[in-house]
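First the structure, in the form of structure tokens, and then the observations on it.
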Amino acid sequence: GWYWIRNSRDNSTLKIYCYLQGHHYCGEGAWMRIGYFYTGRHLAECPPSLERFAYNKRWYCRQSVDGNCSSVYFDSLGNEIKEVCGMIVAYQWNTPDAFHASSGQTIDDPYMDGISITQGFPRQHIWTYAVGAYENTGGHCITCKCPCSSGGNGNTSPPSFVGGDYYCDSGNTKPYAEPVVYPDRLWDSSGVSCVSGSTCCDNPDQPWFRKKLATPSTDNIEVRWCADQTRSDEAIATRNVELYIQTEI
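Just so we're aligned: the sequence shown equals residues 775 to 1023 in the working numbering.
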């Protein structure tokens, strides 16, 4: 429900949605929602740093720059964050290519086509949502597929700072991409990536993630929409974001 939460930075209070008795996906304890948007609501807008666009009479958010990342910051209100939990509902636009361009990239670069969740400066990786160009094994660019997809030989692995803290999916069954929003929802443990030989759908809680921080911190959470090419070529068409932190409320 809704609760008045004190911002320890300036002693102000804000009305914040919280789960005080545990959350179905996030687990036990108190969870405070620090980030939320849903473009399906009437007159809904994207966060200021993202671009709103329409496709087939539905609104989506995507990065507002080409060949880089657009950041949205979610305020911890000065609370010490112990764990982060959340989910993203999004769809593939055209031809994002997962970790294809990750070689030599740092956490500050567009190291994948997808969404990166980090905390603090220097950035500490929390979770990555990546999108591959296609699931079809006959595609012309095998390094553009998800590392977890079928026919894995040659698939580009995520950078070491990502480790296993990522989801990757594709909404495209064809061996080529088109300038469309593919209807198959990403990171939902179903759809075109859930084929024999793929491990992309192994976590049944997708799109929800949960990450315990190595060191609790009051730093805000940064979510970046990234792509190494133009928005017309690759984007993550995002409908819904929910982000929670576990802290002392």
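Note that beta-carbon positions come from the ideal geometry of N, C-alpha and C, so glycine has one too. No experiment lies behind these values; they were computed from the predicted model shown.
For residue i, which beta-bridge partners are listed by DSSP?
i: Ala828; result: Trp833
i: Ala1011; result: Tyr865
i: His798; result: Paired residues: none, contrary to the question.
i: Tyr777; result: Ile790
i: Val955; result: Trp867
i: Leu1017; result: Gly809, Gly860
i: Ile891; result: Trp901, Val997
i: Arg984; result: Cys859
i: Ser991; result: Ile855
Could you give the residue range of the beta strand (DSSP E) that holds residue i?
i: Leu788; result: 787–793
i: Val969; result: Segment: none, Val969 is in no beta strand (DSSP E) and carries neither H nor E.
i: His899; result: 898–905
i: Trp867; result: 855–868
i: Trp999; result: 995–1000
i: Asp943; result: 940–943
i: Val846; result: 843–848
If we call anything under 8 Å between Cβ atoms a contact, is residue i one with residue j?
i: Asn868; j: Ala1009; result: yes
i: Val969; j: Ser944; result: no
i: Gln837; j: Ala1001; result: yes
i: Pro1032; j: Phe811; result: The shown model of the chain, from 775 to 1023, leaves out residue 1032, and the question about it has no answer.
i: Ser923; j: Cys975; result: no
i: Cys1047; j: Tyr1018; result: Nothing can be reported for residue 1047: it is not among the residues displayed for the chain, which extend from 775 to 1023.
i: Gly803; j: Gln1020; result: yes
i: Arg1013; j: Ser845; result: no
i: Cys942; j: Cys920; result: yes
i: Trp901; j: Asp939; result: yes
i: Met861; j: Glu1016; result: yes
i: Ala864; j: Ala1011; result: yes
Would you decide whether residue i is buried or exposed? Buried here means 16 or more other CB atoms lie within 10 Å of its CB.
i: Thr880; result: exposed
i: Gln795; result: exposed
i: Lys789; result: exposed
i: Asn830; result: exposed
i: Trp776; result: exposed
i: Tyr885; result: buried
i: Tyr950; result: exposed
i: Ala907; result: buried
i: Asn785; result: exposed
i: Trp778; result: exposed
i: Ser877; result: exposed
(message) For the segment 929–939 against the segment 862–878, do three or more pairs of beta-carbon atoms, one drawn from each stretch, fall closer than 8 Å, so that the two count as touching?
(response) yes
(request) Examine the Cβ distances between the segment 846–866 and the segment 989–1002 and report whether three or more of them are shorter than 8 Å. (result) yes
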